[in-house]
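For the sequence shown, our numbering assigns the number 1 to the initial residue and increments by one for each residue that follows.
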Amino acid sequence: MELVDILKKKKVKVTEIPKWGGYLRKQWENNFANHMSEKEKKSIFLYDTKDSCGYLWHIFSYDKKKALKEEEAEKAFNNEPKDTCYIFYQHSDYALMVKEASRMTANDIIDETDIYVVNKDFNWTYVKTHETGWCGPYFSRKGEKL
1 MELVDILKKK
11 KVKVTEIPKW
21 GGYLRKQWEN
31 NFANHMSEKE
41 KKSIFLYDTK
51 DSCGYLWHIF
61 SYDKKKALKE
71 EEAEKAFNNE
81 PKDTCYIFYQ
91 HSDYALMVKE
101 ASRMTANDII
111 DETDIYVVNK
121 DFNWTYVKTH
131 ETGWCGPYFS
141 RKGEKL
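(1) Given a threshold of 16 other Cβ atoms within 10 Å of its Cβ, counted over all protein chains shown, does C53 qualify as buried or as exposed?
(2) Assuming the contact rule is C-beta atoms closer than 8 Å, A67 and F60 should be a hit. Round their C-beta distance to whole Å, please.
(3) So, under 8 Å CB-CB, Y89 and D121 are touching, yes? Tell me the CB distance rounded to an integer number of Å.
(4) With DSSP as the reference, label E74 as helix, strand or coil.
(5) Between T132, Y62 and D108, which lies nearest to K9 when the distance is taken from Cα to Cα?
(6) Can you tell me whether I44 is buried or exposed? The criterion is at least 16 other CB atoms within 10 Å of its CB, across all chains shown.
(7) DSSP state of E16, grouped into three classes?
(8) How would you call P81, buried or exposed, if buried means at least 16 neighbouring beta carbons within 10 angstroms?
(9) What does the alpha-carbon distance come out to for the pair I110 and K39?
(10) Going by C-alpha distance, which of S92, N79, E70 and Y86 is nearest Y55?
(11) If you follow the beta strand (DSSP E) that L24 is in, where does it begin and where does it stop?
(12) What three-state label does DSSP hand L7 in the structure shown?
(13) In whole angstroms, what is the alpha-carbon distance linking Y116 and S37?
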């Protein structure tokens, strides 16, 4: 079942915003990786490069930002009050805006990979990676640094 259908079944209001992915990734970087220099970002493969595929969540896997991991991350996300959130992907410009998202849980995106959920003010984020079980999922707040 598609994510949109899963969320709508839970009475979460979903608006597809198919061209917002790039904008949301940049906002995410500006809010969660703003303590890092460009050189540091390149050293952890934050961006797409010829030899390695970049991932924003590398700030967590390379321990550049404090985050809860695995079951603790899922629990924090499930318990976080959620109203309006954005959902976007690492390698797609497809995105969603969800309202009345309090019923949304980590289990709703269990089949998704390299997906980011962030509240509308970019104060917290939940990330499920394609390497879940080895790297992630992660939950972090904007002001938390190592």
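Each residue gets a CB set at the ideal place from its N, CA and C atoms; glycine is no exception.
A quick look at the data gives this:
(1) exposed
(2) 4 Å
(3) Going by Cβ atoms, the distance from Y89 to D121 rounds to 20 Å, so no, they are not a contact pair.
(4) helix
(5) D108
(6) buried
(7) Strand.
(8) exposed
(9) 33 Å
(10) Nearest C-alpha to Y55: S92.
(11) Premise fails: L24 lies in the alpha helix (DSSP H), G21 to F32, not in any beta strand (DSSP E).
(12) helix
(13) 22 Å
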